[in-house]
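Heads up, the sequence shown is in the working numbering, so the first residue is 20 and it goes up one at a time.
Every residue, glycine too, gets a C-beta built ideally from N, C-alpha and C.
As the structure is a prediction and not an experimental result, all values here were calculated from the model.
A short write-up of the structure that comes next.
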Amino acid sequence: MNNIQQTQQLKELIKISGLSKAIPTSKTMVTVASLLTKVDKAHIKEYNLGSIAVKVSNEAFFLSEIQKVPQSAEIQRDTQGDVLGIRAVAGG
20 MNNIQQTQQL
30 KELIKISGLS
40 KAIPTSKTMV
50 TVASLLTKVD
60 KAHIKEYNLG
70 SIAVKVSNEA
80 FFLSEIQKVP
90 QSAEIQRDTQ
100 GDVLGIRAVA
110 GG
């Protein structure tokens with residue numbers, strides 16, 4: 020997938036994102052990291068993703084790997100199956 024397609028997918032997710040909302044909770048909360056495969060983690064490291072797109076109750080949230088989400092949350096992926104996210108900013 021090229022950068023233009025990934026950017027478009029991220030824009031669509033941001034439209035439905037819960038940027039100003041609290042993450043819904045459930046009886047079974049897990050870390051975002053626990054929903055990722057080894058391949059996902061390698062992709063995140065390779066592309067320096069600081070926030071990962073996660074769908075919870077039909078809303079998209081951009082979260083770090085250590086944040087807790089309901090076990091039913093879904094990692095959002097591009098059409099090739101790679102994790103969608105936002106690159107971390109280095110420096111200040």
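Which of helix, strand or coil DSSP assigns to residue i
i	result
Glu31	helix
Leu82	strand
Ser70	strand
Val58	helix
Ile63	helix
Thr50	strand
Assigned exposure category for residue i - 16 Cβ within 10 Å defines buried
i	result
Gln95	buried
Residues that DSSP places opposite residue i in a beta bridge
i	result
Glu93	Lys74
Val108	Note: Val108 sits in no beta bridge, so no partner.
Test item: CB-CB of residue i and residue j under 8 angstroms
i	j	result
Glu93	Lys64	no
Gly104	Leu68	yes
Gln90	Val49	yes
Val51	Gln86	yes
Asp97	His62	no
Phe120	Ile42	No answer is possible for residue 120: it lies beyond the span of the chain, which begins at 20 and ends at 111.
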